[in-house]
Amino acid sequence: MIVLASFLPALVPAQTAGSGDAPEDWLRLDREIALLAQKPDSQPEESRIGGFIRTRYEIADDPSGGDDVSGVVLGPVWLEFNGNVAEDVRYLLGFGFREEDGEPVLGVRDARVSFPLTESVRSTVGQFRVPFLYSATSARSKGLFLERSSQGAIWNRRDQGWMLDGRVGRLRWFASAFNGGDGAREEFLLAGKLAWALLGPGIDLKQEGGYGVDSPTRVTTAVGVVDEGTIEGGTVLAAELEGASGRFFFHGEIVDYGEGFVPKAVRQGAAKNASGRADTTPYGATLACMLSERCEVAARYEGLDDANDSHKTWLGLNWYVRGHKCKWQLDWIRTEGADEGDVLQLGLTVGF
Numbered sequence: 026m027i028v029l030a031s032f033l034p035a036l037v038p039a040q041t042a043g044s045g046d047a048p049e050d051w052l053r054l055d056r057e058i059a060l061l062a063q064k065p066d067s068q069p070e071e072s073r074i075g076g077f078i079r080t081r082y083e084i085a086d087d088p089s090g091g092d093d094v095s096g097v098v099l100g101p102v103w104l105e106f107n108g109n110v111a112e113d114v115r116y117l118l119g120f121g122f123r124e125e126d127g128e129p130v131l132g133v134r135d136a137r138v139s140f141p142l143t144e145s146v147r148s149t150v151g152q153f154r155v156p157f158l159y160s161a162t163s164a165r166s167k168g169l170f171l172e173r174s175s176q177g178a179i180w181n182r183r184d185q186g187w188m189l190d191g192r193v194g195r196l197r198w199f200a201s202a203f204n205g206g207d208g209a210r211e212e213f214l215l216a217g218k219l220a221w222a223l224l225g226p227g228i229d230l231k232q233e234g235g236y237g238v239d240s241p242t243r244v245t246t247a248v249g250v251v252d253e254g255t256i257e258g259g260t261v262l263a264a265e266l267e268g269a270s271g272r273f274f275f276h277g278e279i280v281d282y283g284e285g286f287v288p289k290a291v292r293q294g295a296a297k298n299a300s301g302r303a304d305t306t307p308y309g310a311t312l313a314c315m316l317s318e319r320c321e322v323a324a325r326y327e328g329l330d331d332a333n334d335s336h337k338t339w340l341g342l343n344w345y346v347r348g349h350k351c352k353w354q355l356d357w358i359r360t361e362g363a364d365e366g367d368v369l370q371l372g373l374t375v376g377f
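In the numbering used here, the protein residues as written are 26 to 377.
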C-alpha cells in the first residue's frame, strides 16, 4: 500500500480551479490501476454455447410388407461448447441426443483440443470424426437433406485420435491416426485427405446448399484414403467434387472398399459401419437450385453397388426462414433393390 500510495500522485492529473474533467480523470485512473493488476501473460478468453434442435414427421413403408410406419421423430439434437483458453488454443465439447431401446440418451460425441504447431500446421487431439468424406464431416444442421448421404452416414462415426492439418496455397491437407477397430490396443486406423480449391476460394466444407441466388463460383475437389489396421484388405479410397455457383450447389462422391470389409469385420471405431461392404464401389450425385432467396429444390441419386444392385433417389424442398439457423425441409426418399420402400419426411431445424 505504501508503494502504491507513492505512485498515486504521479497518476492523478493536476487539476486547476474551475476544471470540469475530474470525474473523467478518476475513471481513467481506475482503468490504469486495473491494467497494472493484470497478469502479464493473461490472454482474453472466448467461449460460445451453440447447437440445434431438429424434429420431423415421418411416413415410411414397412420393408417386411406390413402397414406404413408414421410418427414424430426427435433428433438429431446437438449442444456444444467451444472457444479458446489461450492464443490459438481452441476446444470443442459436443453432446448429441440419440435413442437407445426407446429411451433418450445424451452422450459426449466430440471432445477435442486444437493448437498450432507452426504458422501453417494445426494439431488436433481428442475424439472427433475421421477427415475422409465431406458428406460425413459437414455440419448436420447445414445439410441439404434431413439425413446424410448413405456414405456420409457410414463415415460419421467418431473415434479417439490425433490429426494434423494445414493449408498450402489452394491445397488443404489432413493426416490422422485413430484407435481403430481394436480400441486403444495395437492397431490404428490411418486416414488422409487432400482438398484442392479448383475455382474461387473453394467450398465451405461444413455447409451443403443454401448459398443464395448469387453465390460466387467456388469448386473443390478432394481425394481421401482410410486404412483400418485390424483387418487385411482394410483400405478405402474416395474421390469428391463439390461446389456452388449462382443459384446452384452440387456434390459428387465415389468410394471404393477393400476386400476385408466383410460383415462384422470391424468391431468398433470409425470404420465399424463399413463392415459388409467388401469389394463395392458406391457413388452418389447431388444437385440443388435456389429458386429464390428462401426456397431451394434438391435431388440426389445413389448407387449402392450391393448384391441387389440397390439404389436410392432423393427429392427435397427447403424453405429457409433464417438460413440454416431456421429452416423447413420436405424430403422424399425411394430405395429400390434391398429394403425397398418410400420415406416421406417433413422436418424443422432450429439453431442457436
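Built from N, CA and C at the ideal position, the CB exists for glycine as well.
Computed from a predicted structure; not experimentally measured.
- In terms of Cβ geometry, P307 and Q152 do not form a close pair [threshold 8 Å].
- The beta carbon of G132 lies closer than 8 Å to those of F120, G121, R123 in the same chain, with the five residues before and after it left out.
- A residue is called buried when at least 16 other Cβ atoms come within 10 angstroms of its Cβ; D304 does not meet this threshold and is exposed.
- Taken atom to atom, the span from the alpha-carbon of V138 to that of N333 is near 43 Å.
- D86 carries a coil assignment under DSSP once its states are collapsed to helix, strand and coil.
- In this structure E321 touches G235 by the C-beta definition: roughly 6 Å separates them, less than 8 Å.
- Rounded to whole angstroms, V193 and E144 show a C-alpha spacing of 11 Å.
- Nearest Cα to G277 within the set G271, A313, V261, S300: A313.
- Collapsing the DSSP output to three states places K350 in coil.
- Excluding its 5 nearest sequence neighbours in each direction, F106 has C-beta neighbours in its own chain below 6 Å: I74, L118, listed in chain order.
- As computed with DSSP, Q370 is found in a beta bridge with E83, D356.
- By the Cβ test, the region 187-202 is not in contact with the region 340-355, since fewer than three Cβ pairs between them sit closer than 8 Å.
- Between V251 and A296, the CB-CB gap stays under 8 Å.
- Taking each of E211, T246, Y159, V98 in turn and checking the Cα distance to L223, the smallest one comes out for T246.
- Residue F170 holds the alpha-carbon nearest to the alpha-carbon of R325 among T255, F170, G294.
- Here the C-alpha atom of V261 lies approximately 12 Å from the C-alpha atom of K218.
- Its chain contains G285, A290 as the residues whose beta carbon lies nearer than 6 Å to that of I256, once the 5 sequence neighbours on both sides are disregarded; these appear in chain order.
- Sixteen is the threshold: when 16 or more other Cβ atoms of the shown chains lie within 10 Å of the Cβ of E253, as they do, the residue is buried.
- Sorting H336, S335, Q354 by C-alpha distance to the C-alpha of L342 places Q354 at the top.
- Bounds of the alpha helix (DSSP H) holding A178 are 175-179.
- Taking each of H336, I279, R79, A202 in turn and checking the Cα distance to L104, the smallest one comes out for R79.
- In the three-state scheme derived from DSSP, where H, G and I count as helix and E and B as strand, A161 is classed as helix.
- DSSP places K297 within a helical segment (H, G or I) once states are collapsed to three.
- Taking C-beta atoms as the reference points, F203 and G271 fail to come closer than 8 Å.
- Counting the other Cβ atoms within 10 Å of the Cβ of V94 gives fewer than 16, which makes it exposed.
- Comparing C-alpha distances from L316 to each of T242, W344, G301 shows the shortest one belongs to W344.
- E128 and R359 have their C-alpha atoms some 28 Å from each other.
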